[in-house]
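Engineer: Have a look at this one.
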Amino acid sequence: MEIAFSLGRKRNFYILCMKGQIGVTTENIFPVIKQFLYSDHEIFLREIVANAVDATSKIKALASTGEYKGELGELKVTVELDESAKTLKITDRGIGMTAEEVDKYINQIAFSSAGEFLEKYKDHDIDIIGQFGVGFYSAFMVSTKVTIESLSYREGAKPVFWSCDGSPEFEMGECKKEDRGTVITLYLDSDSDEFAHKERISALLNKYCKFMPFPVEFDGKVVNSVEPIWTKAPSELKEEDYINFYHALYPMEEDPMFYIHLNVDYPFTLTGVLYFPKIKERMAIDKNKIQLYCNQMFVTDHVDNIVPDFLTLLHGVIDSPDIPLNVSRSYLQSDSNVKKISTYITKKVSDRLEEIFKEQRETYEQKWDNIKLFIEYGMLSDEKFCERAMEFALLKDTEGKYYSIEEYRKSIEESQKDKDGKLVFLYATNPEDQYTSIKAAKDLGYNVLLMDCELDAHFVGLLEQKIENSRFARVDSDAAANLIPKQDEVKPEMSDDDKKALSELFKAALPTGTEWEIEPANLGENAEPVLITQNEFMRRWREMSSIGGGMNFYGSLPESYTVKVNMENPVIGKIWADKENTGDTLHQVVDLALLSKGLLKGKDLAEFIARSEELLKN
69 MEIAFSLGRK RNFYILCMKG QIGVTTENIF PVIKQFLYSD HEIFLREIVA
119 NAVDATSKIK ALASTGEYKG ELGELKVTVE LDESAKTLKI TDRGIGMTAE
169 EVDKYINQIA FSSAGEFLEK YKDHDIDIIG QFGVGFYSAF MVSTKVTIES
219 LSYREGAKPV FWSCDGSPEF EMGECKKEDR GTVITLYLDS DSDEFAHKER
269 ISALLNKYCK FMPFPVEFDG KVVNSVEPIW TKAPSELKEE DYINFYHALY
319 PMEEDPMFYI HLNVDYPFTL TGVLYFPKIK ERMAIDKNKI QLYCNQMFVT
369 DHVDNIVPDF LTLLHGVIDS PDIPLNVSRS YLQSDSNVKK ISTYITKKVS
419 DRLEEIFKEQ RETYEQKWDN IKLFIEYGML SDEKFCERAM EFALLKDTEG
469 KYYSIEEYRK SIEESQKDKD GKLVFLYATN PEDQYTSIKA AKDLGYNVLL
519 MDCELDAHFV GLLEQKIENS RFARVDSDAA ANLIPKQDEV KPEMSDDDKK
569 ALSELFKAAL PTGTEWEIEP ANLGENAEPV LITQNEFMRR WREMSSIGGG
619 MNFYGSLPES YTVKVNMENP VIGKIWADKE NTGDTLHQVV DLALLSKGLL
669 KGKDLAEFIA RSEELLKN
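Going by our numbering, the sequence shown wraps up at 686, each residue one higher than the last.
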């Protein structure tokens, strides 16, 4: 494909294709640039400063190769704003341009000098930001007129002046510029008054240019750090350097949990530092905290296509000239490099976590509760990461002890197999609410995991798939003795009529609006008279639905519970023997069961309290 735009020469540009040619006149190009070239008008400053930095990089490169033997002087980019005149001036002491180069690179849109320079010096280590050739024209999105004054580094070169008011017509001639480099002046239009204020320009420079490789000066101050941390080798840095850099990026954040230094130069170039932030509140997570740079120029903080979704929870920076960007640098295009980079970042994160797990186990355990959400999210959303994380993901029991998944499996292998040989993982979600159930399980010699993360309803399902011949059961999903059945349950011998009568008797004492299944059971004479349980499968799917990952069908179903009536309990025996005169006893045992599950509320709770007070008086 060949595309060329020419200003003021009334040429047509053409696109060669298989079916023929389409011609468009140059008069149409400026409205396109102004309205559609970039999605956000503020990036004009980024593009112009990036061009100035590129010009500076080029003169430095030429000096290093011996092609330029003059004095480099102070290599910096200066931004000046005249608020009253509404002009913005960007000055560099870079390579400069001759009249021929202005005609070639400015008058013909989309002919990139950066790309041509890179090709010529491809064997040298030179970082060039702009490679599209249209960045300069972003100036017309905010300007009624743009001028260029430039003097090339070339011996005998004459200074050149260029001016354009946004129409296809331009003026070119000589000027009196004496210093090497380029000055671009933007005459801001009335729709862009916001850019005629120092505060706005300062904010934009801080956003886009704070890590440019050459000093960027505005209002008498250098706004950038010339050597961002990711450009240095890890061996040159200390722990405090990483922490200080994190706080420079996120001033109000607490110290991060861990950091990962990215540094690869083959088969693509990628540098950066990623951090695991400390989460103050569960699920209080800010995405879009990873900043993407191209040779130290900020591009975007939307890195969804580069970084796997679960890793967008991390904070930090990545810098790569090999990530393909569209003309506005605002969106990423999927290609092989992006996929390779995504895979590399996932691997580096996995390597780092495994390294800390193996070499700093105590530290890893101390910080596990803060990184658990990241790990689980990653394991649920990325199969390759899941495979790696099975080695360093931790499980925590209700006593506060940590295990790797394999360590925990081995620890319960002998005691927590059911009659079918399936390994049963017991877990609690709220130790306080489930205290009685946890204690009952422990009294039987079982260990209980703490699964109180928002994603655990999903995560236990994943572990059931990954751990062969296993299942998970919440500790309050059944009587302790039935959680890990060692033999077939012996049910009470009752006729269908008696079962129906028992169901009607207890449903009359239960709150309306909830589905109750009454089930006679033999739980032992010392066990509670009534036990309320919820089906593990249904409850888990409801929980997953509530956080947007389960089947909505289950989330829309009414709450349902199984009410197990312990026919071996003496109190139940009395109630059943004289079911026509149960009095307050029936309501009391039912309410106690509801209370233990947090299901006794409102009027029912008030009546329970009043009834209990009366019983105490008697």
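Idealized CB from N, CA, C, for every residue including glycine.
1) Among Ile-506, Val-633 and Arg-539, which residue has its Cα nearest to the Cα of Ala-569?
2) Let me know if Gln-401 comes out buried or exposed under the rule of 16 or more other beta-carbons within 10 Å of its beta-carbon.
3) Taking the alpha-carbon positions, what's the Ile-552 to Lys-469 distance?
4) Considering Ala-457, what are the terminal residues of the alpha helix (DSSP H) in which it resides?
5) State buried or exposed for Tyr-334, treating a residue as buried only when at least 16 other CB atoms are found within 10 Å of its CB.
6) Give the secondary structure of Asp-565 by DSSP, where H, G and I count as helix, E and B as strand, and everything else as coil.
7) Taking one C-beta from the segment 150–164 and one from the segment 240–258 each time, how about it: are there three or more such pairs within less than 8 Å?
8) Could you tell me which of Arg-268, Gly-164 and Glu-169 sits nearest to Tyr-221, measuring between CA atoms?
9) Threshold first: 3 residues or longer. Then list the beta strand (DSSP E) segments lying entirely within the segment 249–317, N to C.
10) Hey, which unbroken runs of the alpha helix (DSSP H) at 4 residues or more fall wholly within the segment 415–450?
11) Can you tell me where the alpha helix (DSSP H) with Gly-651 in it begins and where it stops?
12) Please list, in chain order, all residues of the same chain as Ser-66 whose beta carbon is under 6 Å from its beta carbon, the five residues on each side excluded.
13) Mind reading off the beta-carbon distance from Leu-140 to Ala-131? Whole number of angstroms is fine, and I expect it under 8 Å.
14) Quick check on DSSP: helix, strand or coil for Pro-638?
15) Helix or strand or just coil, what does DSSP make of Glu-242?
16) Check His-383 in the structure and name its three-state DSSP category.
17) For Thr-653, which residues of its own chain have a beta-carbon under 8 Å away from its beta-carbon, when the five flanking residues on both sides are left out?
18) Between the segment 543–561 and the segment 577–592, do three or more beta carbon pairs fall short of 8 Å?
19) Note down, in chain order, each residue of its chain lying with its Cβ closer than 8 Å to the Cβ of Trp-436, except the 5 sequence neighbours on either side.
20) Give, in chain order, every unbroken run of the alpha helix (DSSP H) that is at least 4 residues long and sits entirely within the segment 498–565.
21) Could you confirm whether any beta carbon from chain D is found closer than 8 Å to the beta carbon of Val-528?
22) What are the boundary residues of the alpha helix (DSSP H) that includes Asn-119?
23) What residues match up with Trp-230 in a beta bridge as DSSP calls it?
24) Identify the continuous beta strand (DSSP E) that holds Ser-235 and give its terminal residues.
25) Verify whether the separation of the beta carbon atoms of Ala-264 and Lys-154 is less than 8 Å.
26) Name the DSSP beta bridge partners of Met-365, please?
27) So is Ala-541 buried or exposed if we call it buried at 16+ other beta carbons inside 10 Å?
28) State yes or no: is the C-beta of Lys-213 within less than 8 Å of the C-beta of Pro-227?
29) Would DSSP call Glu-344 helix, strand or coil?
30) On the three-pair Cβ rule with 8 Å, is the segment 476–492 touching the segment 447–454?
31) Under the rule that 16 or more other beta-carbon atoms within 10 Å means buried, what is Gly-666, buried or exposed?
32) What whole-angstrom Cβ distance do Leu-342 and Leu-382 have, given they're in contact under 8 Å?
33) Name the residue from Pro-319, Ser-258 and Asn-363 whose alpha carbon lies nearest to the alpha carbon of Thr-299.
34) To the nearest angstrom, how far is it from the Cα of Lys-126 to the Cα of Glu-148?
Structural biologist: Let me spell this out:
1) Val-633
2) Reliability fails at Gln-401, whose pLDDT of 49 lies under 50, so the model's placement of it is uncertain and no value is given.
3) 22 Å
4) 451–457
5) exposed
6) helix
7) yes
8) Gly-164
9) 249–256 and 284–286
10) 429–449
11) 651–664
12) This structure cannot speak to residue 66, because the chain is shown only from 69 to 686.
13) 6 Å
14) helix
15) strand
16) strand
17) Val-639, Lys-642 and Ile-643
18) yes
19) Leu-462, Lys-464 and Tyr-470
20) 503–511, 524–534 and 548–551
21) Absent from the structure is chain D; it holds one protein chain and no more.
22) 111–133
23) Ile-216 and Met-240
24) Segment: none, Ser-235 is in no beta strand (DSSP E) and carries neither H nor E.
25) yes
26) Cys-362
27) buried
28) no
29) In the sequence as displayed, the identity of residue 344 is Phe instead of Glu. Here Phe-344 sits in strand by DSSP.
30) no
31) exposed
32) 5 Å
33) Asn-363
34) 23 Å
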